[in-house]
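Going by UniProt numbering, the first residue of the sequence shown is number 1, and it counts up by one from there.
Below is one structure, written out as structure tokens; comments come after it.
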Amino acid sequence: MFYKTNNTSDRSAKYGHFKNKFEQKFGRLRDEFMNGEHPFAGACSDRKNNIPANISENEEFFTLQLYAAGYQKERFKVAVKDNVLTVSYDPSEEEIPVAYMYQEFSAGAFERSFQLNNQVSTSRISASYEDGILTVILPKDLENITPPQEIRVG
Numbered sequence: 001m002f003y004k005t006n007n008t009s010d011r012s013a014k015y016g017h018f019k020n021k022f023e024q025k026f027g028r029l030r031d032e033f034m035n036g037e038h039p040f041a042g043a044c045s046d047r048k049n050n051i052p053a054n055i056s057e058n059e060e061f062f063t064l065q066l067y068a069a070g071y072q073k074e075r076f077k078v079a080v081k082d083n084v085l086t087v088s089y090d091p092s093e094e095e096i097p098v099a100y101m102y103q104e105f106s107a108g109a110f111e112r113s114f115q116l117n118n119q120v121s122t123s124r125i126s127a128s129y130e131d132g133i134l135t136v137i138l139p140k141d142l143e144n145i146t147p148p149q150e151i152r153v154g
């Protein structure tokens with residue numbers, strides 16, 4: 001599938017040792033990164049937070065949409081605690097693992113958390129799942145909304 005070629009030109013003979021050093025250093029870094037051995041392994045290689053999200057707003061509510069194609073609606077959990085909205089998914093333990101030859105997406109466990117402000121009426125939050133999109137509606141608490149104001153600099 002992939003082929004390694006060797007460049008035998010004069011330039012390669014003159015600067016080849018730089019290329020070899022780079023390949024050694026970069027190869028080790030790449031291997032450590034892919035194996036989760038680097039300092040940021042939890043942030044980069046952990047698939048718990050890789051679900052993309054869109055947040056929009058209108059006059060009445062905020063809308064949070066998470067792209068979650070291939071998930072089962074019954075296994076989502078949406079919760080609010082201490083003004084933090086947490087959306088998570090726990091796959092069934094019955095799912096049979098597949099030995100992929102190549103994999104770009106996974107419908108595994110995830111958890112996303114979003115800090116809410118005092119403008120959200122947490123008791124009226126609702127969620128739905130349709131066509132691979134989990135939509136969470138966050139109604140605004142109109143009593144707590146402060147109108148925007150401009151401050152004059154003196």
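By construction, the Cβ of each residue, glycine as well, lies at the ideal position given by its N, Cα and C atoms.
As the structure is a computational prediction, the values presented were derived from the model and not from experiment.
- Keeping to the same chain, check which residues put their C-beta closer than 7 Å to that of serine 128; ignore five residues upstream and five downstream. Thr135
- Task: Counting only the same chain and skipping the five closest in sequence on each side, list residues whose C-beta sits under 6 Å from that of proline 139.
- Result: Phe61, Ser121 and Arg124
- arginine 152 in three-state terms, based on DSSP: coil
- Taking only runs that begin and end inside the UniProt domain "SHSP" (44-154), name each unbroken beta strand (DSSP E) of 3 or more residues, in chain order. Qualifying beta strand (DSSP E) stretches, in chain order: 53-57, 61-67, 76-81, 84-89, 110-115, 126-130 and 133-139.
- Answer with buried or exposed for leucine 142, where buried requires no fewer than 16 other C-beta atoms within 10 angstroms of its C-beta. Under a 10 Å Cβ-count criterion, leucine 142 is classified as exposed, with fewer than 16 other Cβ atoms of the shown protein chains found around its own Cβ.
- Message: Output needed for lysine 73: all residues of its chain with C-beta closer than 7 Å, excluding positions within five of it in sequence on either side, in chain order.
- Response: Tyr129
- Task: Would you kindly check if the distance between the Cβ of phenylalanine 110 and the Cβ of serine 88 is under 8 Å?
- Result: yes
- Query: Which term fits arginine 112, buried or exposed, when burial requires 16 or more other beta carbons within 10 angstroms of its beta carbon?
  - Reply: Result: buried.
- Message: Do alanine 79 and leucine 66 count as a contact pair if the criterion is CB distance below 8 Å?
- Response: Going by C-beta atoms, leucine 66 is not nearer than 8 Å to alanine 79.
- Item | glutamine 115 and asparagine 83 closer than 8 Å at C-beta | yes
- When the Cα atoms are used, what is the spatial distance from glutamate 94 to isoleucine 133? 23 Å
- Message: To the nearest angstrom, how far is the alpha carbon of tyrosine 102 from that of glutamate 57?
- Response: 38 Å
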